[in-house]
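S.K.:
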Amino acid sequence: MRGLVLTGVGDVEVHDDLPEPTIEEPTDAIIEVTRTGLCGSDLHPYEGREAVRFGVVPGHEAVGTVVALGAEASSAAAIGERVLVPFTTSCGTCSPCRRGLSSRCVHGALFGFGDPDDRSLPPLHGAQASHLRVPLAPGTLVGVPDDLDDAAAVLLTDNLPTGWAAATRGEVGPGQRVAVIGLGSVGLCSLHAARTLGARGLVAVDPVATRRGSALQLGADLGVHPDDAEAAVLESTGGEGVDVAIDASGTLAGQALAARLLGPGGILSIIAVQTEPRFGVTPVQAYDRNLTIRAGRAPVRSLLDDLVPRILDGRLTVPTEVLMTHPAEPLAEGPTWYRRFAAREPGLIKAALVP
Ligand SMILES: NC(=O)c1ccc[n+]([C@@H]2O[C@H](COP(=O)([O-])OP(=O)(O)OC[C@H]3O[C@@H](n4cnc5c(N)ncnc54)[C@H](O)[C@@H]3O)[C@@H](O)[C@H]2O)c1
Ligand SMILES: [Zn+2]
Ligand SMILES: [Zn+2]
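In short: position in the sequence shown from 1, add 1328, done, that's this note's numbering.
#1: Count Cβ pairs between the region 1363 to 1373 and the region 1381 to 1399 that sit closer than 8 Å; are there 3 or more?
#2: Is Thr1416 near ligand 3, going by C-beta to nearest heavy atom under 7 Å?
#3: Please state whether the Cβ-Cβ distance between Ser1542 and Val1646 is less than 8 Å.
#4: What's the gap between the Cα of Thr1393 and the Cα of Gln1456?
#5: Check whether the region 1421 to 1435 touches the region 1396 to 1410, taking contact to mean three or more Cβ pairs, one atom from each stretch, closer than 8 Å.
#6: Does the beta-carbon of Tyr1615 have 16 or more other beta-carbons within 10 angstroms, so that it is buried, or is it exposed?
#7: Any idea if Ser1513 is buried or exposed, counting beta-carbon neighbours within 10 angstroms, 16 or more meaning buried?
#8: For Glu1604, list the residues DSSP reports as bridge partners.
#9: Looking at Gly1436 and ligand 3, is the gap between the Cβ and the nearest heavy atom below 7 Å?
#10: Below 8 Å on the Cβ atoms is my contact criterion, and I expect Val1531 with Asp1549 to pass it. Report the Cβ-Cβ distance as a whole number of Å.
#11: Can you give, in chain order, each stretch of the alpha helix (DSSP H) that sits fully within the region 1340 to 1417 and has at least 4 residues?
#12: Go ahead and label Gly1440 buried or exposed: buried means 16 or more other beta carbons lie within 10 angstroms of its beta carbon, across all protein chains shown.
#13: Take the Cβ of Ala1581 as the centre, count every other Cβ of all protein chains shown within 10 Å, and call the residue buried at 16 or more, exposed below.
#14: I need the straight-line Cα distance from Leu1619 to Glu1378, nearest angstrom please.
#15: Which partner residues does Thr1620 have in the DSSP bridge list?
#16: Since Leu1550 is in the beta strand (DSSP E), which residue starts that stretch and which ends it?
#17: In this structure, how does DSSP classify Ile1574 when only helix, strand and coil are distinguished?
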């Protein structure tokens, strides 16, 4: 099969001779991928911030058609059904799964990852290929509503539920003042979720001007460069600071800024993957402002139980037009898209690849 392979830091290759995945466990499903997203999380191993096993197929955002089911996977979907695959697998029955924390399923795994230190554990190849093996299919797969096209469905595999997790873990509610730091697809989804949940005085912060423009399109009240954010927030909140700051930049500088923007009792909701050994907020800052800090991987599969009905009855929209700036690019051009995405090319927020 054709797929991308992460061969080293900064090095993604197209291979046409990869073995097609097969059913290995009775709860497996095989998906023929019709669309797969490129995500900020793919950049961590690509840019050397996160160690993975080189040789793995990267990617964790897949939409496709079920082409094979293991003997114990018939409840997952029917052959030929259109499904989306959350970025981690989950059993649906362990304690974290039952508590709505599917991303920490005790049997779960992250697509496109292989432990670089333990060669005895096989990697779980990722979604940026023509076919994908999905372990624990009954607790993982979600049917795609007919109204959602592939580009929108890709946003449900990760970024939109992740943005929802960022806002809800920040306890965002009506009238709250919220700042979002980092306006990639995850930050923009966080902003969209915060607005949907009733936030007011939404401040969007990013050094990339076109991304601030996208935030304004999604209803941000203010789009500012990080250098101007503190003054802008002090002015817009009458010196009080915001109630919730969402860090979707994953940088120490972004978190340090968040601490300065938050008022007393504020919540710092860190949604970016953490690759630094410490937070950008000091214990003294947290103490002096009675801050709450929350972090962690979004439980996409658990959240979709709530979010799909919201989407179907119009309480939540999928902002595909604003986010998916490059919705159907050839997988064979994947290496170019990695380079363009890593460079934060103006006008490019998210690309999805077609195998
Ligand atoms: N928690 C989860 O479950 C989860 C899920 C998906 C993605 N993520 C993570 O979310 C983060 C964002 O993902 P993305 O796809 O939007 O990535 P992205 O790389 O497209 O966006 C990051 C943005 O942060 C901005 N930025 C960098 N430094 C900044 C600073 N000092 N101040 C303000 N903005 C700054 C960049 O310009 C960029 O627009 C990544 O760390 C990704 O791994 C987490
Ligand atoms: Zn992702
Ligand atoms: Zn589980």
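Idealized CB from N, CA, C, for every residue including glycine. All values derive from a computational prediction rather than experimental measurement.
M.R.: Taking the coordinates as given:
#1: yes
#2: Start at 1 with the first residue of the sequence shown, and residue 1416 comes out as number 88. Answer for Thr1416: no, Cβ out of range of ligand 3.
#3: Here residue 1542 refers to the residue found at position 214 when the sequence shown is read from its first residue. Here residue 1646 refers to the residue found at position 318 when the sequence shown is read from its first residue. It is not a contact, given that the beta carbons lie outside the stated cut-off.
#4: Position 65 of the sequence shown, counted from the start, is the residue given in the question as residue 1393. Position 128 of the sequence shown, counted from the start, is the residue given in the question as residue 1456. Looking at the two C-alpha atoms, the distance is approximately 15 Å.
#5: no
#6: What you label residue 1615 is simply residue 287 of the sequence shown in a count that begins at 1. Under this definition Tyr1615 is an exposed residue.
#7: For the purposes of this step, residue 1513 is identified with residue 185 of the sequence shown, where counting begins at 1. Answer is buried; the Cβ neighbour count reaches 16.
#8: As a first step, residue 1604 must be located in the sequence shown, where it is residue number 276. Note: Glu1604 sits in no beta bridge, so no partner.
#9: By one-based count along the sequence shown, residue 1436 stands at place 108. Answer for Gly1436: yes, Cβ within range of ligand 3.
#10: As a first step, residue 1531 is located in the sequence shown; it is residue number 203 there, counting from the start. As a first step, residue 1549 is located in the sequence shown; it is residue number 221 there, counting from the start. Indeed, because the Cβ distance is near 7 Å, the residues count as touching under 8 Å.
#11: With a minimum length of 4 residues, the continuous alpha helix (DSSP H) runs that stay inside the region 1340 to 1417 are 1368 to 1374.
#12: Taking the sequence shown and counting its residues from 1, one reaches residue 1440 at position 112. Flag for Gly1440 reads buried.
#13: By 1-based counting over the sequence shown, the position of residue 1581 is 253. Result: exposed.
#14: For this step, residue 1619 is matched to residue 291 along the sequence shown. For this step, residue 1378 is matched to residue 50 along the sequence shown. If I take the Cα positions, the gap works out to 28 Å.
#15: For the purposes of this step, residue 1620 is identified with residue 292 of the sequence shown, where counting begins at 1. Looking at the DSSP assignment, Thr1620 forms a beta bridge with Ile1595.
#16: In the sequence shown, the residue the question calls residue 1550 occupies position 222. Element bounds for Leu1550: 1550 to 1552.
#17: For this step, residue 1574 is matched to residue 246 along the sequence shown. Strand.
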